[in-house]
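Heads up, the sequence shown is in my numbering, so the first residue is 491 and it goes up one at a time.
Glycine included, C-beta positions come from ideal geometry on N, C-alpha and C.
Predicted model, so just to flag it, every value in this text is computed and none were measured.
Worksheet: one structure, shown below.
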Amino acid sequence: MAVIAPRNWNDFQHYKLRSPPWVKLHKKLLDNFDYQRLPLASKALAPMLWLLASEHEEGEIDADPEKLAFRLRMDVSDINVGLKPLIDKEFFFVVHGDISLLASCMQHALPETEKRQRTETEKEAEPRKRVTTPEKPESVQQETWDDWVALRKGKGAKVSGTVVREASKEAEKAGLTLERFLQIWCLRGSQGLQADWLKPEERGKGLNGHFNKQEALEASNRAVADRVIAKIWSQE
Numbered sequence: 491m492a493v494i495a496p497r498n499w500n501d502f503q504h505y506k507l508r509s510p511p512w513v514k515l516h517k518k519l520l521d522n523f524d525y526q527r528l529p530l531a532s533k534a535l536a537p538m539l540w541l542l543a544s545e546h547e548e549g550e551i552d553a554d555p556e557k558l559a560f561r562l563r564m565d566v567s568d569i570n571v572g573l574k575p576l577i578d579k580e581f582f583f584v585v586h587g588d589i590s591l592l593a594s595c596m597q598h599a600l601p602e603t604e605k606r607q608r609t610e611t612e613k614e615a616e617p618r619k620r621v622t623t624p625e626k627p628e629s630v631q632q633e634t635w636d637d638w639v640a641l642r643k644g645k646g647a648k649v650s651g652t653v654v655r656e657a658s659k660e661a662e663k664a665g666l667t668l669e670r671f672l673q674i675w676c677l678r679g680s681q682g683l684q685a686d687w688l689k690p691e692e693r694g695k696g697l698n699g700h701f702n703k704q705e706a707l708e709a710s711n712r713a714v715a716d717r718v719i720a721k722i723w724s725q726e
């Protein structure tokens, strides 16, 4: 068991009887450099230990962390964290006893802020998964592709091979090339787009208001080719 006591306790606390209803807290503590530099846990613990010291001759306190935690209604970890700086800065000193166990407890105790900092540092050190944007389909112009990718990312949405494949399917349903479908998508500024959402004037038309057979076949072939390419990219 380790016993500690406040430094210069008898010079500042004078009582005829033990366990007085109050203890003296000197105003000059406000300008005590060492005290103000203590961790917040130590500042909170010190007055509680001074109250305990007033109950015993010579201000001696049983420094067993579990007993202190029970008496002060605190966590043992908070006792360990707060006590070490108080001893290091000589606000309390070890009177007698085996302090090896106490020292071991204090050595492994980390302030909450330090634990949080370590956790954040470890998270930052973890390798991040690389998010890659699929290659641009050949049937889509670079400007259109860049605009569409920027739109998706601006909405916090994924840009993946799956999304490109689904866009190709919707373009085919609407009788549009993937290029034109993505252009409309960008003009709308929406996160997603389906063929059913298109207005009549946005859908694919030929010279007479409808696709002729050749145009429809070409549009269908381009859409199929885009889907195949997108599927290959998603498997790489």
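Legend entry - Close Cβ partners of Asn-556 (< 7 Å) along its chain, the five nearest in sequence each way excluded: In the sequence shown, the residue the question calls residue 556 occupies position 66. For the record, residue 556 in the displayed sequence is Glu; it is not Asn. For Glu-556, where only same-chain residues beyond five positions count, the Cβ hits under 7 Å are Val-566.
Legend entry - Bridge-paired residues (DSSP) for His-727: Outside the shown range of the chain (491 to 726) lies residue 727, about which nothing can therefore be said.
Legend entry - Closest residue to Val-571 among Pro-529, Trp-540, Arg-561, Glu-580 (Cα-Cα distance): Working through the sequence shown from its first residue, we reach residue 571 at position 81. The shortest Cα separation from Val-571 among Pro-529, Trp-540, Arg-561, Glu-580 belongs to Pro-529.
Legend entry - Within 9 Å, strictly: CB atoms of His-586 and Val-493: Numbered from 1 along the sequence shown, position 96 holds the residue referred to as residue 586. Numbered from 1 along the sequence shown, position 3 holds the residue referred to as residue 493. Against a cut-off of 9 Å, the Cβ pair of Val-493 and His-586 comes out as a contact.
Legend entry - Every unbroken alpha helix (DSSP H) within the segment 550–584, with a cutoff of 4 residues, ordered by chain: 555–562, 566–578
Legend entry - Burial state of Arg-642 (16 or more Cβ within 10 Å): Here residue 642 refers to the residue found at position 152 when the sequence shown is read from its first residue. Label assigned to Arg-642: buried.
Inset, instruction - Indicate the three-state DSSP secondary structure (helix, strand or coil) for Ala-661 in the structure shown. - result: Here residue 661 is taken as the residue at index 171 of the sequence shown, counted from 1. Looking at Ala-661 - three-state DSSP - the assignment turns out to be helix.
Inset, instruction - Per DSSP, which residues does Val-493 bridge with? Please list them. - result: As a position in the sequence shown, residue 493 is number 3, starting the count at 1. Answer is Asp-552, His-586, bridged to Val-493.
Inset, instruction - Tell me whether Ala-543 is buried or exposed, calling it buried when 16 or more other Cβ atoms sit within 10 Å of its Cβ. - result: Against the sequence shown, residue 543 aligns to sequence position 53. Answer is buried; the Cβ neighbour count reaches 16.
Inset, instruction - Might you give, ordered along the chain, the residues of its own chain that have their beta carbon closer than 8 Å to the beta carbon of Gly-679, omitting 5 neighbours on each side? - result: One-based indexing of the sequence shown puts residue 679 at position 189. Once the five neighbours on either side are set aside, the close Cβ partners of Gly-679 are Leu-641.
Legend entry - Pro-627 versus Asp-568 - alpha carbon distance: By 1-based counting over the sequence shown, the position of residue 627 is 137. By 1-based counting over the sequence shown, the position of residue 568 is 78. Approximately 60 Å, taken between the alpha carbons.
Inset, instruction - Give the single residue among Asn-522, Ala-657, Thr-652 whose Cα lies nearest to the Cα of Ser-629. - result: Counting from one through the sequence shown, the residue named residue 629 turns up at place 139. Comparing Cα positions, the closest option is Ala-657.
Inset, instruction - Would you decide whether Lys-574 is buried or exposed? Buried here means 16 or more other CB atoms lie within 10 Å of its CB. - result: Reading the sequence shown from its first residue, position 84 is the one you call residue 574. Flag for Lys-574 reads buried.
Inset, instruction - Report the option in Pro-496, Ile-722, Glu-550 whose CA atom is closest to the CA atom of Asp-578. - result: By one-based count along the sequence shown, residue 578 stands at place 88. It is Pro-496.
Legend entry - Trp-512 (DSSP reduced to helix, strand or coil): Taking the first residue of the sequence shown as 1, we reach residue 512 at position 22. In this structure, Trp-512 counts as coil in the three-state DSSP scheme.
Legend entry - Selection from Lys-659, Trp-675, Glu-625 that minimises the alpha carbon distance to Trp-638: Numbered from 1 along the sequence shown, position 148 holds the residue referred to as residue 638. The candidate whose alpha carbon is nearest that of Trp-638 is Trp-675.
Inset, instruction - Helix, strand or coil for Leu-541, going by three-state DSSP, please let me know. - result: As a position in the sequence shown, residue 541 is number 51, starting the count at 1. Correct three-state label for Leu-541: helix.
Legend entry - Supposed close pair Thr-456, Leu-672 - CB separation, criterion 8 Å: Not covered by the structure: residue 456. The range shown for the chain is 491 to 726.
Legend entry - Boundaries (first-last residue) of the alpha helix (DSSP H) holding Trp-638: The residue you call residue 638 lines up with position 148 of the sequence shown. From DSSP, the alpha helix (DSSP H) with Trp-638 extends over 632–644.
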